[in-house]
Amino acid sequence: MALPHRRGYGSTDEHSLPETDGFIETDLRAGGPWLHDFLCAKYTILPKSSPYKALWRDGGAISSQLEDLCRAQNHRVGSAIFWGRRSVYEPDAEPTTTLAVSLMGRREDDPPYACTRIDLARMLWRDLCGRGLEGITVEVADVSVIRRIEIYPCLPTDDIYPVWTEVAMEIFDGIDRAGVFTIGCFRIGGSGWDRDESPSTVLIGVDRHSRRDWKDVRETVVSILDGRGLDSVVVTIRKDNMIARGVLSMDYDPGARAADFRPDPRPGMSLGPCSEHGVYREGKLGGWVEVKNPHSEAWVPFALTCSRCCFPEESTLSEADTEVIRGWKDGGVHQGDAHRDRLLQVDSPSDQGIEKGLETIADVIAQVKRRLDYFEAEKQNEKDEDMSRRIERWLEESWKTLTDLQNKQSKIKNLRNSKSHHLGTVFASSGERQAPSTSDPKHLSLSIRDWALVQPTVPRRAGTNMVEHTIFPNEDQQLIHLLPEPPDMDEKLYTPAAHGVYGNLKTCHITTKIENGRAVEAPTFEHVVVRCKARVQGEETLDEPGSFIYESAGLIKGMVFGGSGSGDLGYFTGTKDLLDDIEHITGAEVRLLYVD
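In the numbering used here, the protein residues as written are 1398 to 1993.
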């Protein structure tokens, strides 16, 4: 049943298994030993702890020699760079030092290749071993692989569009769901394809750890599509995770700055459990809402984010506290809970963001010091008077830069030591559960609810809901007091860190809920925002939990609770469902914070 035209970009059944020496060759990519799966891995700057750190900055001579080796085998090489490679799902894992070689396509008049990609990778690896660099993995890939797929929303004119919900439910009921996380529908094409060229595609997100054969899932989906006459719809299966944590862009995030310790934190600031809990999660501060005190009728401000960003990791807790957290995940947090003050303290910026900021400054300081050492040596040897004066100016500028950086470093450390990043305590939370949409009068489908209200502790206070790149029709209209409608088709959407477009068709998530005391799988249908143009990994990602979703005029359309592991899809709860659920849990009126 799996016809060739059904094959989609990045399908898991297109990949071969590693050979006995750990090297593997897939479509347009080869390498080893033990190369990370491309769709589950990313490039990252090597950490200071890496024994190969110097190669990333100073490996130019070796890279040039390795590029010459590629050319000698008649391969057109674009670049050879030493990077770290790490799974997007293991943000705390030590990166694997990787020689990443990009190859250009073969031209008509080029001589034939002297060896295959996998043999070229082995050749490069043996060369590195001969230099005493045995611990490095080699990746040889066509330059187009970096921009492997383009994802676009489907159009109402697509045959699958009007029947998508029914098709998704039929797939949910018909497949063996073990290891399947999401069932979505988009237009997906190859690198450089536009929307019109890209076919409608059922995109199945599956567990990256699963070793099952996905052929049966593919054939079941194809059979369902054929049964409805949807023979032009492609099927793509790619490794993913249940709900991403927004970790893809962390290595490119410069981290917290001193300005981020402001008393009124803005949307998009990093946020996480108090660092006293040890291992912790991280997300984003979405923005600010107000809850009406039923007794005084005063409107009280709260920060809004995802509960998953606030709950401590269970591995750091006692057995009794772990049970408390699990109870909160199932039933939510209520304002009278006795454990809140002890377990639900929240920081913004997060401790992880602060550490990243300090590391960024330390790296720049090291660069400036190397430049100073170089200029000092040049000064001693320089005989020309004009050049000596120029070197003196360079030295003076470098010393000023160094002093400024050291002052910033010291300021961030002092702010952290004084607990200036402590935001407050979780006041109430939905936990991580499913509920029917209040926008659907028939309540036919469920969707995920994942939010937390954080009550700021003095001197922290409510900030603005405005983000810098949001376009407001009126400068005084900083914050929103009207409930917006659900996103329109193809509507351009934003988070504080990324741009996208509404996905038009909701994605089906396979979740677990408790019925009559036992866990059962249930489908939920979620809004999705799509990063339309495939980008080099490490740039904008839409999967950062807690981020508000804005449209171009500044209206808040919802809040992200997760996304795809590659960051090209973000899943979010619409604003009306979000605020209605807060009212349901708190029993009080809620509105988005508005400033006249």
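Idealized CB from N, CA, C, for every residue including glycine. Every value quoted in this text rests on a predicted model; they were computed, and no experiment measured them.
Burial state of L1432 is buried, judged by a 10 Å Cβ sphere holding 16 or more other Cβ atoms. Approximately 18 angstroms separates the beta-carbon atoms of E1948 and K1903; this is outside 8 angstroms, ruling out the contact. Minimum Cα-Cα distance from C1707 among the listed residues W1725, H1606, E1716 corresponds to W1725. Minimum Cα-Cα distance from S1836 among the listed residues T1972, D1801, C1703 corresponds to T1972. In this structure, L1820 lies near P1853, with their beta-carbon atoms less than 8 angstroms apart. In the DSSP assignment, no residue is bridged to D1978.
Rounded to the nearest whole angstrom, the CA to CA distance from K1808 to L1622 is 60 angstroms. A Cβ-Cβ separation of about 42 angstroms leaves V1630 out of contact with I1722 under the 8 angstroms criterion. Residue burial is scored here from C-beta neighbours: R1482 has at least 16 other C-beta atoms within 10 angstroms and is therefore classed as buried. Shortest Cα-Cα distance from S1815 to any of F1658, L1714, E1710 involves F1658.
Residue nearest to D1727 within the set S1446, I1515, I1982 is I1982 (criterion: CA-CA distance).
Of the other Cβ atoms in all chains shown, 16 or more fall within 10 Å of the Cβ of I1585; this residue is therefore buried. In summary, L1841 is exposed, with fewer than 16 beta-carbon neighbours lying within 10 Å of its beta-carbon over all protein chains present. Per DSSP, the unbroken beta strand (DSSP E) holding G1669 starts and ends at 1667–1670. Across the set P1670, W1791, A1538, W1561, the C-alpha of A1538 shows the shortest separation from the C-alpha of G1502.
Counting C-beta atoms within 10 angstroms of its own C-beta, M1784 has fewer than 16 neighbours from the protein chains shown and is therefore classed as exposed. Collapsing the DSSP output to three states places Q1470 in coil. Scanning Q1749, K1797, T1822, K1681 for the CA closest to the CA of H1736 turns up T1822. In chain order, A1985 place their CB closer than 6 angstroms to the CB of P1691, counting only its own chain and leaving out the 5 sequence neighbours on each side. As the crow flies, the alpha-carbon of L1530 is around 51 angstroms from that of D1570.
For the pair T1579 and C1905, the Cα-to-Cα distance works out to about 6 angstroms.
Residue burial is scored here from C-beta neighbours: Y1899 has at least 16 other C-beta atoms within 10 angstroms and is therefore classed as buried.
Note that the C-beta distance between I1568 and V1618 is below 8 angstroms. Here the C-alpha atom of I1601 lies approximately 21 angstroms from the C-alpha atom of K1910. Annotation for L1627: D1556, I1557 place their beta carbon closer than 6 angstroms to its own, counting only its chain and skipping 5 residues before and after. Less than 8 angstroms separates the beta-carbon of F1922 from that of S1844. For W1696, there is no enclosing alpha helix (DSSP H); the enclosing beta strand (DSSP E) has its first and last residue at 1696–1702. About 47 angstroms separates the CB atoms of N1862 and G1624; that is not less than 8 angstroms, and the two are not in contact. In its chain, beyond the 5 residues on either side, E1687, K1689 have a beta carbon closer than 6 angstroms to the beta carbon of W1696. Boundaries of the beta strand (DSSP E) harbouring K1954: 1953–1960, taken from the DSSP string. For the options G1964, P1670, A1700, T1757, the alpha carbon positioned closest to that of L1714 is the one of P1670.
The alpha helix (DSSP H) runs lying completely inside the segment 1576–1655 and spanning 4 residues or more are 1612–1624, given in chain order. The three-state reading of DSSP puts F1969 in strand, counting E and B together. Looking at the backbone, the Cα of K1636 and that of G1750 are separated by about 28 angstroms.
DSSP places K1780 in no alpha helix (DSSP H); its state is neither H nor E.
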